[in-house]
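Quick mapping for you: the protein sequence lines, in order, are chains H and X.
Numbering follows numbering that gives the first Met the number 0, in which position 129 of the first sequence is assigned residue number 128; successive positions increment by one, without gaps.
Numbering follows numbering that gives the first Met the number 0, in which position 68 of the second sequence is assigned residue number 67; successive positions increment by one, without gaps.
Just so you know, even glycine gets a beta-carbon here, dropped at the ideal spot from N, CA and C.
A quick note: this is a predicted structure, and the numbers were derived from the prediction, not measured.
What follows is a set of notes on a single structure, which appears directly below.
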Amino acid sequence: MEVKVVRHVLDANNAAAARNRMVFAEKKVMVVNVMSSPGSGKTATLIKTIEAIGDQLRCAVIVGDICTTRDAERLAVCNIPVVQVNTNEFGGDCHLAAHVISKAMENIDLDAVDLLIVENVGNLVCPAEFDIGEDLRVVVLSVTEGEDKPLKYPLMFRACQAALLNKVDLLPYLEYDLAAVKQYIHQINPDMPVFEISANDGRGIADWTNWMKRQTLAKTY
Amino acid sequence: MEVWNLAYTGGRRYRGNQAFLIMHEMSIATEIIAIARASVPENVSGAEIKQIYLKIGKFSTVIPTNLRFCFEVAAHQSELKDTLLEIEEVPLTIRCRNCRFEERPDEPVFLCSRCNSPVDIISGNEMEVVSIEITENN
Numbered sequence: 000m001e002v003k004v005v006r007h008v009l010d011a012n013n014a015a016a017a018r019n020r021m022v023f024a025e026k027k028v029m030v031v032n033v034m035s036s037p038g039s040g041k042t043a044t045l046i047k048t049i050e051a052i053g054d055q056l057r058c059a060v061i062v063g064d065i066c067t068t069r070d071a072e073r074l075a076v077c078n079i080p081v082v083q084v085n086t087n088e089f090g091g092d093c094h095l096a097a098h099v100i101s102k103a104m105e106n107i108d109l110d111a112v113d114l115l116i117v118e119n120v121g122n123l124v125c126p127a128e129f130d131i132g133e134d135l136r137v138v139v140l141s142v143t144e145g146e147d148k149p150l151k152y153p154l155m156f157r158a159c160q161a162a163l164l165n166k167v168d169l170l171p172y173l174e175y176d177l178a179a180v181k182q183y184i185h186q187i188n189p190d191m192p193v194f195e196i197s198a199n200d201g202r203g204i205a206d207w208t209n210w211m212k213r214q215t216l217a218k219t220y
Numbered sequence: 000m001e002v003w004n005l006a007y008t009g010g011r012r013y014r015g016n017q018a019f020l021i022m023h024e025m026s027i028a029t030e031i032i033a034i035a036r037a038s039v040p041e042n043v044s045g046a047e048i049k050q051i052y053l054k055i056g057k058f059s060t061v062i063p064t065n066l067r068f069c070f071e072v073a074a075h076q077s078e079l080k081d082t083l084l085e086i087e088e089v090p091l092t093i094r095c096r097n098c099r100f101e102e103r104p105d106e107p108v109f110l111c112s113r114c115n116s117p118v119d120i121i122s123g124n125e126m127e128v129v130s131i132e133i134t135e136n137n
């Protein structure tokens with residue numbers, strides 16, 4: 000006997016994401032999901048980002064890693080609420096799921112937050128599939144990773160609203176085709192703004208944070 | 000600073016060696032199993048799930064061969080250990096926002112090949128449990 004089901008495989012996750020989204024809307028919290036491959040500079044970028052906007056927007060961070068609290072420890076310099084999620088002590092989930100965010104949220108006073116940044120597990124594949132209730136998705140790509148990264152991971156670049164091209168301070172030492180990476184990004188996502196930044200020396204951070212501030216203020220006021 | 004150690008996905012703890020099989024498709028397989036079990040009608044007693052029909056889009060991050068492997072691991076020593084997966088792979092189809100031309104790109108190019116305008120994805124993202132085939136054993 001055939002039984003019709005017609006359910007999305009990630010129904011349970013999507014339902015949890017929808018519940019998260021309702022809470023964030025009620026509390027007027029902007030949520031940004033930051034994704035990248037390991038080593039692109041997400042944590043350093045977030046530190047520079049929070050330094051730039053922390054006096055204008057009340058920030059909090061949920062950090063996801065398979066192991067260690069190292070990223071949360073680095074973010075402690077920002078003096079904001081930080082919740083570290085370890086998906087498995089011995090190597091586990093390669094992404095953050097919505098129910099994990101639900102749990103982590105319980106440890107943040109959302110009434111005192113304007114902008115919640117989720118630093119996802121370093122992975123250019125799976126996080127793109129998992130809605131966590133965010134308003135914005137941002138992908139960080141570093142110039143040390145190769146211009147063709149967007150072509151190899153098109154779903155991630157299609158699923159995000161902005162790209163941060165990090166480590167541009169290293170360009171003088173690399174044979175990196177800046178025009179090519181932007182062409183590849185825009186053939187996958189024509190509307191995607193690309194911010195050239197350095198989380199090392201801070202260049203480009205103002206343009207990126209001004210863009211994000213505009214998105215945040217549109218939601219929180 | 001709060002630290003959470005969460006050794007599970009989708010609310011389900013991995014059992015035995017599943018915890019060490021770190022593949023994207025593992026969490027997908029466990030969700031499919033949960034949906035299949037939940038889809039057996041309550042008024043059907045002693046049902047055995049013989050087959051699960053899936054639609055997997057080619058632009059999703061799921062690789063069917065990996066999914067079959069992970070399903071086998073996830074269903075091991077359960078009532079679904081002999082359950083077959085029937086997977087329909089859905090090609091990526093895009094439609095131009097300007098001229099409405101539809102095409103199936105061979106490469107990840109999301110610009111209309113006719114007028115170079117942005118496109119919408121109209122198929123290829125699917126991850127769906129379409130139906131299950133059950134037998135009653137009463």
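*Do you know offhand how far S59 (chain X)'s Cα is from V84 (chain H)'s?*
26 Å
*asked:* For a test of the three-state rule: what should DSSP assign to C126 (chain X), helix, strand or coil?
replied: According to the sequence as given, residue 126 (chain X) is Met; it is not Cys. Strand.
*Applying the criterion that 16 or more other CB atoms from any shown protein chain within 10 Å of the CB defines a buried residue, is D64 (chain H) buried or exposed?*
buried
_Euclidean distance between Cα positions of I27 (chain X) and P171 (chain H)_ = 43 Å
*On the three-state DSSP scale, how would you describe E132 (chain X)?*
strand
*List the residues of chain X whose Cβ lies closer than 7 Å to the Cβ of E1 (chain H), in chain order.*
S130, E132
*Three CB pairs or more closer than 8 Å across the region 159 to 174 of chain H and the region 133 to 149 of chain H*: yes
*Enumerated in chain order, which unbroken segments of the beta strand (DSSP E) with a length of 3 residues or greater are wholly contained in the region 89 to 161 of chain H?*
114 to 118, 135 to 141
_Limits of the unbroken alpha helix (DSSP H) element including R36 (chain X)_ = 23 to 38
*Name the residues in the region 28 to 41 of chain X whose C-beta lies less than 8 Å from a C-beta of chain C; which are they?*
Here the protein chains are H and X, and chain C is not one of them.
_Could you check whether the Cβ of L20 (chain X) sits closer than 8 Å to any Cβ belonging to chain H?_
Summary for L20 (chain X): the model assigns pLDDT 49, below 50, so the residue's position carries little reliability; its value from the coordinates is reported in the next sentence. Taking Cβ atoms only, chain H never reaches closer than 8 Å to L20 (chain X), which makes this a no.
*Inter-stretch contact (C-beta, 8 Å, three-pair minimum) for the region 53 to 63 of chain H and the region 106 to 119 of chain H*: yes
_Contact set for T64 (chain X): own chain, Cβ-Cβ below 7 Å, skip 5 residues either direction_ = none
*Do you know how far the Cα of V30 (chain H) is from the Cα of E1 (chain H)?*
42 Å
*Between the Cα of L150 (chain H) and those of X:P104, X:K54, X:A35, X:M25, spot the shortest distance and give me the residue it belongs to.*
X:P104
*Which residues mark the beginning and the end of the beta strand (DSSP E) in which R6 (chain H) is found?*
1 to 7
*asked:* So within the region 21 to 76 of chain H, which uninterrupted alpha helix (DSSP H) runs reach at least 4 residues, ignoring any that extend past its ends?
replied: 41 to 52, 69 to 74
_Pairwise C-alpha distance: D130 (chain H) and K102 (chain H)_ = 15 Å
*Do you know offhand how far E146 (chain H)'s Cα is from L177 (chain H)'s?*
7 Å
*According to a CB-to-CB cut-off of less than 7 Å, which residues of the region 93 to 114 of chain H neighbour chain X?*
C93, A96, H98, V99, K102, A103, N106
*Rank X:L83, X:P107, X:I62 by C-alpha distance to the C-alpha of Y52 (chain X) and give the top, closest one.*
X:L83
*Residues of its chain near T208 (chain H), where Cβ-Cβ distance is below 7 Å and the 5 sequence neighbours each way are ignored*: T48, A51, I52
_Check whether the region 112 to 120 of chain X and the region 90 to 102 of chain X touch, using three or more Cβ-Cβ pairs below 8 Å as the test._
yes
_Cβ-based neighbour list, I34 (chain X), same chain, cut-off 6 Å, excluding 5 preceding and 5 following_ = V128
*Determine the contact status of A127 (chain H) and M155 (chain H), defining contact as a CB-CB distance below 8 Å.*
yes
*For a contact meaning CB atoms closer than 9 Å, what does N188 (chain H) contact in chain X?*
F109, P117
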